[in-house]
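Below is one structure, written out as structure tokens, with a few remarks after it.
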Amino acid sequence: MVNVRLINVTKRFGDVIAADDVTLDIKDGEFFTFLGPSGCGKTTTMRIVAGLEFPNEGKVFYDDKDVTQLPSFERNTGMVFQNYALWPHMTVKENVAYGLNVRKVPKDEVNKKVQEILELVKLGGLGDRFPNQLSGGQQQRVALARVLAINPDILLLDEPLSNLDAKLRVEMREEIKEIQHRLGITTIYVTHDQEEAMAVSDRVAIQNYGRIRQVGTPQEIYNKPTDLFIATFIGKGALMEGVVEKVGELVDVKIGDMVLQGITTNEDGVKPGDRVACVMRPECFTVDEPDEAFNIIEGTLEWSAFVGSITELKLTVGRFSLLCDAPSDRTYEAGAKLKIYIPKSRTIVLPWMDLD
Amino acid sequence: MTSWGPNFDETITRLRRELDPMTLIQVVIGYLTLIVFLVLPLLSMVIEAFIYQGAVSLYWFWDILTSVEFTSLASQGGRMFEVRRGILILWGIDHGILLNSLIVAFSVAIACSVIGIILAFIMARYVFPGKQMFQVLLLVPLLATPFVNAYVIGKLFDPRNGLINFILVDLLHLLPWRLDIDGLFGITFAQTLAYYPIVYMNVVASLNSIDPSLEEMAENLGAKGLRLFRTVTFPLMLPGLAAGAIMTFIFSLEDLGAPIGFVGARANPLARKVASYQIYSSFAEALTGGISPKTAALAFIILIVTASSYGAVRWYVNRRSYAMLSKGGRWSPRVKKPSTRTRTLVVVFLLLIIGLASMPQIGTVILATTDWATSGTLPTEFTTKYLSTLWTNSQVTQAVLNSLLYSVVAVAAMILVGSSIAYIVGKRDIPGNKVLDTLATIPVAIPGISLAIGYFLFFSDVFRDTPLDPLIDPALLIICAYMIRRLPFTTRSVGAGLQQVDKSLEESSMNLGANHPTTFYRIVLPLIISHMINGAILGFVYSMSEVSASVTLGALREDRVPITFFISQIVYGAAATGSVSIGAALCVLLMTVQIAAMAISNFILKQKTSFLGV
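Residue numbers (this note's numbering), protein chains in the order written: chain A, 11 to 366; chain B, 71 to 684.
Structure below.
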């Protein structure tokens with residue numbers, strides 16, 4: 011088990027910067043996820059860790075060992091590819107045994123280990139099949155078994171669940187998390203699915219245009235986004251644009267003729283006169299009047315949708331739209347005026363940035 | 071593939087990382103082979119051509135371009151469309167050796183294109199009885215009958231006792247005159263019949279890759295018939311047509327089979343007045359006096375013509391290869407079932423073309439199995455004495471064994487070199503890959519005769535008195551010529567296989583601890599082996615029937631001659647006697663090998679490969 015450090019890693023493909031000055035410290039035994047929109051460089055960053063790409067600048071360390079230029083086959087990492095990359099000319103057993111055979115492990119030991127790993131991923135009886143005789147989920151398990159067989163120092167998972175259907179995806183991600191936990195292996199996971207990332211990760215790095223925007227636990231990322239990109243990329247949220255009036259313990263933001271008070275989670279803070287956005291999560295709103303520490307927003311109800319546990323409301327407030335999770339025990343009239351309330355501590359003020 | 075990195079240090083780091091011993095060997099094999107057996111020989115030829123009386127000079131080029139023997143706008147002889155004593159003479163007009171070659175090659179390319187387009191259209195768009203049979207029969211001309219094909223045409227159109235003249239004039243009274251097809255026109259005629267399948271196959275492939283919805287869209291917008299063809303279909307199939315046409319052009323320029331065949335059949339001097347024949351005949355003198363700089367200059371001019379026209383077409387095709395934008399689903403091609411009358415016309419037309427085009431192959435079989443060579447208009451009796459010479463005549467057997475040996479060795483070499491290059495170029499990130507890729511493509515555009523001249527000049531000089539000296543033993547050089555000439559096709563064939571091996575299959579192997587050699591042998595090789603075997607089979611067929619290098623370098627030592635050289639000698643020298651049938655018997659052997667290979671390739675390896683790989 012190792013700790014992985016990336017120091018100022020930059021990778022360019024022609025004019026495209028796939029990884030831009032990435033510095034990270036991934037701890038021993040941690041389940042670490044790269045999350046970002048497609049094309050953000052998360053897969054490239056993982057491939058640099060795996061030794062399948064080599065950075066133009068910067069260094070990669072496993073513990074204290076500089077592996078920047080070390081080829082993949084000397085790194086002892088185990089990578090599960092998005093398309094599984096199972097060798098079609100080998101049986102399941104041969105696929106799983108490959109890494110061990112390459113390491114010249116004695117034959118009976120290989121057999122024993124292969125059987126053990128196949129049991130672990132619940133493929134006990136399928137060892138003699140060829141990959142094209144397996145379902146997507148089974149192929150996924152073979153891919154996992156194949157890398158686990160070599161006891162890798164680092165487990166690398168590149169969007170491993172993206173080719174599975176929704177139900178299987180949830181099942182497999184729990185299984186992966188369980189196996190990772192049991193083996194205590196440093197794991198790097200790449201996904202564009204935020205729910206997946208939140209569910210499995212110890213820590214998440216949000217990447218966009220090659221740059222790491224924020225690193226933190228899922229809770230930190232969700233509750234304390236450091237910039238507007240993260241705030242809108244993670245979770246549902248509505249935002250209202252305004253200008254900072256006053257900065258004290260709370261930040262006063264003037265939006266039209268309304269003033270909202272909130273907190274900023276941006277590292278550099280905000281100052282009066284700044285153009286900012288107030289980000290508010292639907293589940294933070296309430297429609298019942300609470301005490302004073304809440305912002306009050308009045309708007310017109312555009313529509314409501316009963317989804318079971320809650321009723322989703324969409325309100326128009328000036329030129330903005332807000333989403334609000336309301337109790338489902340009553341009915342809401344479209345077109346009616348409605349007041350909603352949000353705690354000031356859940357009103358997040360972030361410097362404005364243009365998002366594409 | 072990235073090329074040289076932005077800075078030198080990075081490139082060095084990358085090289086150190088990528089160049090494990092196996093990769094290094096593959097890179098070295100690729101470059102070494104291409105430099106020693108392609109670049110340097112051609113360079114020797116160029117140098118020779120530019121030297122006059124010890125100084126660099128354009129003398130020889132000037133000499134060729136100004137002497138009427140080589141280039142003459144006015145006629146230097148020959149006859150075309152002349153009727154004499156009831157015979158319509160179709161020989162062609164002599165404009166000098168160089169111009170003749172260009173005119174013949176150009177005419178062949180045009181004629182092949184016209185026939186190819188018509189056939190391709192019929193086959194791709196119409197349903198009619200016996201279509202599958204016609205699909206096979208249309209490719210009959212690809213069966214190798216070097217030299218004998220032209221001989222057969224010459225014999226069939228002989229004004230005195232040619233079979234075709236007998237049928238058309240004496241029997242059916244369809245024509246007022248007997249036809250006399252010979253000389254330059256004869257060469258054009260024979261080459262057209264032999265090469266049209268190349269254009270046909272390319273155009274069919276283009277037509278089948280056109281998404282029918284594109285044409286349907288055009289029809290929907292009101293374009294019909296010729297307009298639809300002109301505005302949509304033709305532009306879309308043009309890249310395929312251009313690629314096919316340029317190959318026929320190159321094949322015609324370097325072809326020796328037709329000139330030698332006609333010289334053999336009728337001894338008309340006009341058939342000698344093409345560049346390829348002139349270069350070929352210079353090898354007879356090479357044994358005593360070496361090859362003259364003028365020959366080198368001629369070979370260089372031919373090379374410039376083929377290489378630049380090939381380059382131009384390749385550039386055009388690359389620019390114009392429309393990736394079909396339509397996504398998803400397999401389309402069923404637009405096939406029509408025409409009216410009974412049209413269908414009858416189509417079948418009659420196809421029968422006519424196939425009848426004409428397979429004359430050489432049918433004639434060859436008849437020559438090999440009967441006394442036709444000496445009996446006049448029609449054969450009178452069957453005989454096995456010619457076929458049996460394959461194992462009874464020691465000279466013939468020697469030639470067969472030589473060819474077998476050369477081909478097997480050449481195939482082994484071309485697979486080794488071709489796979490190395492394909493792997494390096496397709497899968498590895500080595501600086502300079504583009505150069506290697508380009509070098510490996512060049513032989514397609516190099517006429518075999520030019521290469522042979524280069525080999526002779528380079529190896530008889532630099533490797534004098536070594537086993538590579540063609541005056542000592544041409545065998546090794548013949549093998550190398552086979553290998554180099556077929557290399558682009560082998561490389562492409564293996565490259566196509568490699569393309570199907572997803573990058574992640576190799577990456578996952580390396581990720582699990584296998585280095586490049588292990589990954590290559592355990593993952594890549596098993597996945598491309600069928601492509602390699604297929605490439606080997608095609609390479610073998612090609613080598614067995616290769617002409618240009620065989621008949622030139624083969625002339626240098628009697629006990630080293632390959633099959634094709636032997637055939638050329640028989641056809642050239644002893645046409646009047648029955649021994650031409652021995653040449654025909656050898657052609658039957660070649661055709662048998664080819665059919666067997668095709669069968670293995672199609673039915674066992676399940677590969678769909680056009681036989682010339684164009």
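The C-beta atom is built at its ideal place from N, Cα and C for all residues, glycine as well.
Contact between the region 214-222 of chain A and the region 262-269 of chain A is not established, with fewer than three Cβ pairs separated by less than 8 angstroms. Cβ neighbours of residue 653 of chain B within its own chain (closer than 7 angstroms, five residues either side excluded): 217, 218, 637, 640, 641.
As the crow flies, the alpha-carbon of residue 270 of chain A is around 15 angstroms from that of residue 331 of chain A. Interface flag for residue 107 of chain A against chain B is unset, since no Cβ pair is found closer than 7 angstroms. When DSSP assignments are scanned along the region 323-348 of chain A, the uninterrupted stretches of beta strand (DSSP E) that are 3 or more residues long and fall wholly within it turn out to be 330-337. Taking CB atoms only, residue 89 of chain A has a neighbour in chain B less than 7 angstroms away.
Under the 10 Å beta carbon count, residue 228 of chain A is surrounded by 16 or more other beta carbons and is classified as buried. The Cβ atoms of residue 130 of chain B and residue 119 of chain B sit closer than 7 angstroms to each other. Three or more pairs of CB atoms, one per stretch, sit closer than 8 angstroms, so the region 333-345 of chain B contacts the region 215-235 of chain B. Residue range 595-615 is occupied by the alpha helix (DSSP H) that includes residue 596 of chain B. The beta carbon of residue 90 of chain B sits closer than 8 angstroms to the beta carbons of 585, 586, 587 from its chain, once the five residues preceding and following it are set aside; these are given in chain order.
At a cut-off of 7 angstroms between C-beta atoms, residue 577 of chain B counts as an interface residue with respect to chain A. Relative to residue 47 of chain A, the option among A/194, A/240, A/233 whose CA is nearest is A/240.
Taken through DSSP and simplified to helix, strand or coil, residue 118 of chain A comes out as helix.
Distance from the Cα of residue 151 of chain B is smallest, within the candidate group B/206, B/241, B/183, B/252, for B/252. Around the beta carbon of residue 337 of chain A, a 10 Å sphere encloses fewer than 16 other beta carbons of the protein chains shown; the residue is thus reported as exposed. Taking 7 angstroms as the threshold, the shortest C-beta distance from residue 261 of chain A to chain B does not fall below it.
One Cα belongs to residue 316 of chain A, the other to residue 181 of chain A, and the distance between them is close to 28 angstroms.
Counting only Cβ-Cβ distances below 9 angstroms, residue 83 of chain A has contacts in chain B at 579, 580, 581, 582, 583, 584, 585, 586, 588, 589, in chain order. Boundaries of the alpha helix (DSSP H) harbouring residue 243 of chain A: 238-243, taken from the DSSP string.
The C-beta of residue 95 of chain B has fewer than 16 other C-beta atoms within 10 Å across all chains shown, which makes the residue exposed.
Residue contact with chain A for residue 498 of chain B: absent (no Cβ-Cβ distance below 7 angstroms to any residue of chain A). Excluding its 5 nearest sequence neighbours in each direction, residue 381 of chain B has C-beta neighbours in its own chain below 8 angstroms: 515, listed in chain order. Apart from the 5 residues on each side of it in sequence, residue 280 of chain B sits with its Cβ closer than 8 angstroms to the Cβ of 303, 306, 307, 394 in its chain, given in chain order. Residues of the region 593-609 of chain B with a C-beta atom less than 8 angstroms from some C-beta of chain A are 593, 596, 597, listed in chain order.
With distances taken between CA atoms, residue 190 of chain A lies nearest to A/41 out of A/134, A/41, A/54. The C-beta separation of residue 261 of chain B from residue 164 of chain B comes to about 17 angstroms, leaving the pair out of contact by the 8 angstroms criterion.
Excluding residues up to 5 positions away in sequence, 563, 564, 567 lie with their Cβ nearer than 6 angstroms to the Cβ of residue 601 of chain B in the same chain. Residue 308 of chain A carries a strand assignment under DSSP once its states are collapsed to helix, strand and coil.
In the three-state scheme derived from DSSP, where H, G and I count as helix and E and B as strand, residue 145 of chain B is classed as coil. Residues of chain A with a Cβ closer than 8 angstroms to the Cβ of residue 572 of chain B are, in chain order, 93, 95. Distance check between residue 142 of chain B and each of B/173, B/537, B/533, B/624 places B/173 closest, using alpha-carbon atoms only. The distance from the Cβ of residue 282 of chain B to that of residue 404 of chain B is about 4 angstroms, consistent with a contact at the 8 angstroms cut-off. Excluding five sequence positions before and after residue 169 of chain B, the CB atoms of its chain that fall closer than 6 angstroms to its own CB belong to 141, given in chain order.
Per the DSSP secondary-structure output, residue 256 of chain A pairs in a beta bridge with A/262. Relative to residue 363 of chain B, the option among B/612, B/623, B/658, B/116 whose CA is nearest is B/116.
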